[in-house]
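Protein chains in written order, with the working numbering: chain A, 187 to 519; chain B, 122 to 342; chain C, 38 to 241.
A virtual CB, placed ideally from N, CA and C, is assigned to each residue, including glycine.
Please read all numbers here as calculations on a predicted model, not as lab measurements.
These notes concern the structure reproduced below.
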Amino acid sequence: MAQQAAISQKPDPDDAQGPSLHVAPSPHIHDRAFTTHRMMVDVVLALTPAVAMAVYLFRWSALIHITLCVGVCLLSELIFTRMRGRKATLNDLSAVVTGLILALSMPATAPWYAAVIASAAAIGLGKIIFGGLGMNIFNPAMVGRAFVMISFAGVMGAGAYESASGMVDVISQATPMNALKQSGTFAMVPNLFLGLTNGSIGETSALACLLGGIYLCIRRTASWEIPAAMIATVLLIAGAADIVGHFGGRLVLQHLLGGALFFGAFFIATDPVSSPLSSRGKLIFGAGSGALVMLLRMFSGYPEGVMFAVLLMNAVTPLINRWTIPRTMGEGF
Amino acid sequence: MASNTEQMSARRHDNYILQAWLCITLALFFGALLAGVQAALGPVIAENKINETKEKVPELVFGADAAVDSAGRPALEITPSTIRTDHAGGTRFYSVFEARFADGTPAGWVTKASGQGYADRIELLVGLTPDADRISGLYILDQKETPGLGNKIVEVSWRNQFIRKPTDQPLKVVKRGARAPEEIDAVSGATISSDSVVAIVNRVVSDMKTHLAQGPLENKE
Amino acid sequence: MAEQPTATERFVQGILPENPVYRQLLGLCPALAVTSSMQAAVTMAGAVLFVLLCANVVTSLIRDLLKPHLRIVIFTLTIATFVTIADRFLAAYLYQMSKTLGPYIPLIIVNCLIICRCEVCASKQSPLTAAADAVGQSLGYGLALASIAGVREILGTGMFFGLRVLPPSWPDWAVMVLPPGAFISLGLLLGGVNWYSQRNAKKN
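See the structure below:
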């Protein structure tokens, strides 16, 4: 309620000249119920199954990561917006969502400082520098994740997910994607689907991500085009690779369920700020992300590619937007 | 009608040489200056380039143990040369250093080679025994691999795995727990960097083995 | 024509008020490329000092002979000569550093900072003023390179000038010594300098 009031009533404190014409950039569609706050609450709700799965699977490490990431994201948001002389925007919960997504994309074995630095980088470098919520080019959580991934390759890379001394059983295994990359072994499909495997704490369970994702799409908080196009593209490319290599469907299932695909497709790629506006653009964005994921998984040194795929597609989002400007009725091509 | 002086000044204005006299003078002067600098510093630079490799030769010939105790190491005579190898893949040139003890008995060979790594080219030195039947050392001259992962290929503990490896079959990278004589442990988390180094070493060994065993520089006893 | 600044003014201006990197945004390529360690940054700044000083003094000595349409050719010729000397000198006496700096020493030839100083100051003022200008600008440049390199080396390796300053348990932020770290550090420092000078301007 407070937000709506701010939008419609309160005059901008910066212009003391009195009445003036407010010109806001498009889109000019307005829906009173459709606020940032409501969207963010939806995302948090949708993430609940994944969070529950993470806590069930990784116990304390999951709780510590989630608390740290969310806490530091909120704190960074407060500090950095102050530094820019803006009003703090903690109430819109966007920092909470960034923190949650970031935490869920961390390895359970990651050290505490990685979580703290990733959160500060996510909010500072990923969001506030560009002008705050709605202005960022890249998905903030992925900026933070990439920052620590490159910084602390030794403790954040694919090999670091395994830890023999971990209190939880799953940590002692290699992540399904790393096992596939290194030795070509396949994990059991039911385990992949339910998420009883090692991996980033929130990505393991395809089921939990699917539940939350479908909720988001029904609520229209996330656009269905992006996850649909992304998953379909992965299915297509992995399917082709499967047929060529005679894997009998195991390779496809591993690529679909084994990594961060569902988590990334539903929660990361669908960030409305850093993805295209039109539905044609969203389909292109999703398909591009899916193709890049497969490209990275099959041909790069990394076993998983969702983070880099989404960041790369974020970078071309302005181009996709220009390319897919909806045309006025009757205007020729 | 233009006067004589006006014509003169117009001609002078059109004359490129006159226009550019300062440029030409400076160019000649600077050229001479640079020639002097090159004459003075050229030999020093050339020596630096050779020394960069030459300094590493004893360590690579004697292996790690002798490298620690550099004082007690016998003096070596090092002869640089270039070796040409021809094979199906084309022709390659290697810069090879032949090391001999003071009495003329061969001490070993050090070959400089490079190849594509994960991030950029990796340049390295491979030491081989006089008969080229074993590797006597490995040194990474230049690399730009990922800090924290791939750049661990420069660490002594990893490089020392190569010492005393037989050259009768190509080396193979394994993920932890190398047992067979031709196996090398990968740097954890950096399989590509490890593979690249091993591939370069294997190429050097396969290209140079027959050449070196015959002693291409001088006839061996 | 407005009166030209004196030698002292030229010297002082180069250091902070007209800092090449933070104020004029010149010479950014080496500021990004060779600032992963303090040693490299300081060597680079030294090379720039040598080249700029020689180029400025030579240009100032021949300033009355310059023809407007040929001046850029002369500037480039002069700069290229001294850059080559600097490059050869490093290769002869600081071989490892010369390998680290790689193409960035020869690239000083196309560094806008130097041609800018020749044009703005040396081609119009006396050799003494030109020399003061060169030293001031180079100090400012060195200061800027050192500030970027300091941040990157300390965060990226826990060391400063190759000496450990942070505890060994410090997790090295590898990203800071990699190219992205250069852009991030330069951007944040530039932002910091702008914020500071704006705040000062408001106060006065």
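Hey, how far is the Cα of residue i from the Cα of residue j?
i: A/MET484; j: B/VAL294; result: 20 Å
i: B/VAL189; j: B/ASN169; result: The predicted position of B/VAL189 is uncertain, since its pLDDT is 49 and thus under 50; no value can be drawn from it.
i: A/ILE193; j: A/GLY318; result: Low local confidence applies: a pLDDT of 44 at A/ILE193 is under 50, so the model's placement there is unreliable, and no value is given.
i: A/SER358; j: B/SER315; result: 24 Å
i: B/ALA131; j: B/CYS144; result: 20 Å
i: B/HIS208; j: C/PRO204; result: 53 Å
i: B/GLY271; j: B/ALA311; result: 5 Å
i: C/GLY179; j: B/ASP306; result: 44 Å
i: B/GLN264; j: C/ALA68; result: 22 Å
i: A/GLY467; j: A/ARG405; result: 20 Å
i: A/THR487; j: B/ALA240; result: Reading off the sequence shown, one finds Gly at residue 487 of chain A, where the question assumed Thr. One C-alpha to the other measures close to 11 Å.
i: A/ALA415; j: A/CYS403; result: 13 Å
i: C/PRO42; j: C/VAL49; result: 11 Å
i: C/ALA181; j: C/PHE198; result: 16 Å
Tell me the DSSP secondary structure of residue i in three-state form.
i: B/TYR215; result: strand
i: C/ILE152; result: helix
i: C/GLY228; result: helix
i: A/MET374; result: coil
i: B/VAL247; result: strand
i: B/VAL234; result: According to the sequence as given, residue 234 of chain B is Ala; it is not Val. Looking at B/ALA234 - three-state DSSP - the assignment turns out to be strand.
i: B/HIS332; result: helix
i: C/TYR233; result: helix
i: A/ARG532; result: As shown, chain A starts at 187 and ends at 519. That puts residue 532 of chain A outside it, with no answer to give.
i: B/GLU304; result: strand
i: C/PHE197; result: strand
i: B/ARG255; result: strand
i: A/ILE323; result: coil
i: A/LEU463; result: coil
i: A/MET187; result: Bear in mind that a pLDDT of 39 at A/MET187, under 50, signals an unreliable position, so the number given afterwards is only what the model happens to contain. Looking at A/MET187 - three-state DSSP - the assignment turns out to be coil, as it is neither helix nor strand.
i: B/VAL294; result: strand
i: B/THR206; result: strand
i: B/ALA220; result: strand
i: C/LEU164; result: Before going on, a small fix: residue 164 of chain C reads as Pro here, not Leu. In this structure, C/PRO164 counts as helix in the three-state DSSP scheme.
i: A/THR295; result: coil
i: B/ALA141; result: coil
i: B/ARG242; result: strand
Would you check if the distance between the CB atom of residue i and the CB atom of residue j is smaller than 9 Å?
i: A/LEU279; j: A/THR234; result: no
i: A/VAL230; j: A/VAL282; result: yes
i: A/SER409; j: A/SER460; result: no
i: A/ALA327; j: A/LEU288; result: yes
i: A/ASN377; j: A/ALA294; result: no
i: C/PRO143; j: C/VAL120; result: yes
i: C/ARG60; j: C/ASP170; result: no
i: A/ALA307; j: A/VAL329; result: yes
i: C/ILE138; j: C/THR72; result: Looking at the sequence itself, residue 138 of chain C is Leu, so the reference to Ile does not match. Taking 9 Å as the Cβ cut-off, C/LEU138 and C/THR72 do not qualify as a contacting pair.
i: B/LEU147; j: C/ILE99; result: yes
i: B/VAL326; j: B/LEU249; result: yes
i: A/ALA236; j: A/ALA451; result: no
i: C/ASN56; j: C/GLY177; result: yes
i: C/GLY193; j: C/GLY229; result: no
i: A/ILE387; j: A/HIS251; result: yes
i: C/LEU90; j: C/VAL202; result: no
Using only CA atoms, which one of the options lies nearest to residue i?
i: C/ILE109; options: C/ARG236, C/CYS155, C/GLY199; result: C/CYS155
i: C/CYS149; options: C/LYS240, C/LEU63, C/TYR59; result: C/LEU63
i: B/PRO251; options: B/THR232, B/THR212, B/TRP279; result: B/THR232
i: B/HIS158; options: C/VAL58, C/GLU190, C/LEU127, C/ASP101; result: A small fix is needed here, since residue 158 of chain B is Val in this sequence, not His. Of C/VAL58, C/GLU190, C/LEU127, C/ASP101, the residue nearest in Cα terms is C/LEU127.
i: B/GLN237; options: B/LEU147, B/VAL319, B/ASP328, B/GLU127; result: B/VAL319
i: A/GLY370; options: A/VAL258, A/THR503, A/GLY431; result: A/GLY431
i: A/SER475; options: A/LEU249, A/THR503, A/ILE404; result: A/THR503
i: A/PHE333; options: A/THR361, A/SER291, A/GLY320; result: A/SER291
i: A/LEU261; options: A/THR275, A/PHE316, A/ALA248; result: A/THR275
i: B/ASP254; options: B/PRO287, B/GLU198, B/GLU266; result: B/PRO287
i: B/LEU197; options: B/THR203, B/TRP230, B/ASN323; result: B/TRP230
i: C/GLN174; options: C/LEU227, C/GLN41, C/THR45; result: C/THR45
i: B/PHE151; options: C/PHE112, C/GLN41, C/GLN50; result: C/PHE112
i: C/PHE220; options: C/PRO42, C/ALA70, C/LYS161; result: C/ALA70
i: C/ASP124; options: C/PHE87, C/THR96, C/ASP101, C/SER97; result: C/PHE87
Examine the Cβ distances between the stretch 172-181 of chain B and the stretch 204-219 of chain B and report whether three or more of them are shorter than 8 Å.
yes
Kindly confirm or deny that the stretch 422-430 of chain A and the stretch 361-371 of chain A touch, where touching means at least three C-beta pairs closer than 8 Å.
no
Stretch pair the stretch 188-196 of chain C + the stretch 210-222 of chain C: three plus CB contacts closer than 8 Å
yes
Would the stretch 437-455 of chain A and the stretch 463-482 of chain A be scored as touching if the rule is three or more Cβ pairs under 8 Å?
yes
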